[in-house]
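Asks:
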Amino acid sequence: MSFGKRHSGVGSGAQALNVNAAAAQGEAVTESAGAVGHPFRWFVALIAFGAMLYGLVHIYGPDIVRDLRLSGTWQPAYDLRAMDGKCERKSFIITFCSARIKSVAMPDQALIEHRFMMLFSGGGGEAMVPVRSTVNRAAVSIHYSAETKLLNRTLSFVVSAVILTLFCFVFLTCFWRAANSFE
12 MSFGKRHSGV
22 GSGAQALNVN
32 AAAAQGEAVT
42 ESAGAVGHPF
52 RWFVALIAFG
62 AMLYGLVHIY
72 GPDIVRDLRL
82 SGTWQPAYDL
92 RAMDGKCERK
102 SFIITFCSAR
112 IKSVAMPDQA
122 LIEHRFMMLF
132 SGGGGEAMVP
142 VRSTVNRAAV
152 SIHYSAETKL
162 LNRTLSFVVS
172 AVILTLFCFV
182 FLTCFWRAAN
192 SFE
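Each residue of the sequence shown is one higher than the last, beginning at 12 in this note's numbering.
Okay, structure coming up:
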């Protein structure tokens with residue numbers, strides 16, 4: 012069959028018209044209720060999305076919980092300086108921001124890495140101003156993430172975690188069905 016030429020009665024178009032031909036002739040039609048694909052494929056997808064969910068919770072979860080707990084107690088920290096602060100927007104949907112916070116008073120102290128994620132919002136050229144909590148002096152953050160975009164960060168985290176959890180559940184169900192029907 013040559014590409015781009017029509018042939019009547021031959022090919023996938025003709026086969027699609029006769030889908031129920033076996034049922035019309037009284038023959039038994041069997042249909043598999045199990046998931047399509049090898050169980051290993053679903054297991055790999057489950058592990059991959061489970062790892063993404065774990066990474067999301069492990070990287071962004073503790074900072075969001077801390078910022079929510081200390082909300083309203085942040086004040087500018089004049090002894091700290093934000094270095095290498097940048098926000099990178101991906102596909103107009105998700106923005107990843109990061110900054111390294113360095114102590115001016117104690118230059119030998121290790122840098123503090125601060126990362127956060129937002130959905131449907133960009134960095135907007137905001138200044139990365141280091142802040143410290145009045146309740147817990149060891150808690151250090153960036154004002155833009157701790158106060159300005161805290162609601163966006165929280166909703167972004169919850170929505171992302173729910174979506175990844177749903178994907179994990181779907182892949183677990185597909186894996187379970189494929190493993191039970193695999194022979």
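For each residue, glycine too, the CB sits at the ideal point set by N, CA and C.
Just so it is clear, the structure is predicted and the values come from calculations on it, not from any experiment.
Short check: CB of V142 to CB of S152, under 7 Å?
Replies: By one-based count along the sequence shown, residue 142 stands at place 131. By one-based count along the sequence shown, residue 152 stands at place 141. Yes. Within cutoff.
Asks: Cα separation between D95 and K101?
Replies: As a working mapping, residue 95 is identified with position 84 in the sequence shown. As a working mapping, residue 101 is identified with position 90 in the sequence shown. Approximately 19 Å, taken between the alpha carbons.
Asks: Between which two residues does the beta strand (DSSP E) carrying T106 extend?
Replies: For the purposes of this step, residue 106 is taken as residue 95 along the sequence shown, with counting starting at 1. Looking at the DSSP string, the run of the beta strand (DSSP E) that includes T106 is 105 to 114.
Asks: Identify every run of the beta strand (DSSP E) within the segment 60 to 147, keeping only runs that are complete inside it and at least 3 residues long; order them along the chain.
Replies: List check, beta strand (DSSP E) in window: 85 to 87, 91 to 101, 105 to 114, 123 to 130, 141 to 144.
Asks: Which of helix, strand or coil does DSSP assign to V47?
Replies: One-based indexing of the sequence shown puts residue 47 at position 36. Coil, per DSSP.
Asks: To the nearest whole angstrom, what separates the beta carbons of L57 and L175, a pair I think is in contact under 8 Å?
Replies: The residue you call residue 57 lines up with position 46 of the sequence shown. The residue you call residue 175 lines up with position 164 of the sequence shown. Between L175 and L57 the Cβ distance is about 11 Å, and since that is not below 8 Å, they are no contact.
Asks: Does the beta-carbon distance from D90 to V115 come in below 7 Å?
Replies: Counted from its first residue, the sequence shown places residue 90 at position 79. Counted from its first residue, the sequence shown places residue 115 at position 104. Contact flag set, yes.
Asks: Straight-line CA distance for Q120 to L166?
Replies: As a working note, residue 120 is residue 109 in the sequence shown. As a working note, residue 166 is residue 155 in the sequence shown. So the two alpha carbons sit approximately 33 Å from each other.
Asks: Just grab the DSSP bridge partners of I153 for me.
Replies: Position 142 of the sequence shown, counted from the start, is the residue given in the question as residue 153. In the DSSP output, where bridge partners are listed per residue, I153 has P141.
Asks: Measure the Cβ-Cβ separation of C108 and F127 and say whether it is below 7 Å.
Replies: To locate residue 108, count along the sequence shown from 1; it is residue 97. To locate residue 127, count along the sequence shown from 1; it is residue 116. Result yes, Cβ atoms of C108 and F127 sit closer than 7 Å.
Asks: Compare the Cα-Cα distances from A150 to each of S132, F60, S82, L183 and report the closest residue.
Replies: In the sequence shown, residue 150 corresponds to position 139, counting from 1. Ranking S132, F60, S82, L183 by Cα distance to A150 puts S82 first.
Asks: So, for L130: in the same chain, excluding its five sequence neighbours on each side, which residues have a beta-carbon less than 6 Å away from its beta-carbon?
Replies: Counting from 1 along the sequence shown, the entry for residue 130 is found at position 119. Within the same chain, L130 has close Cβ partners I105, S167.
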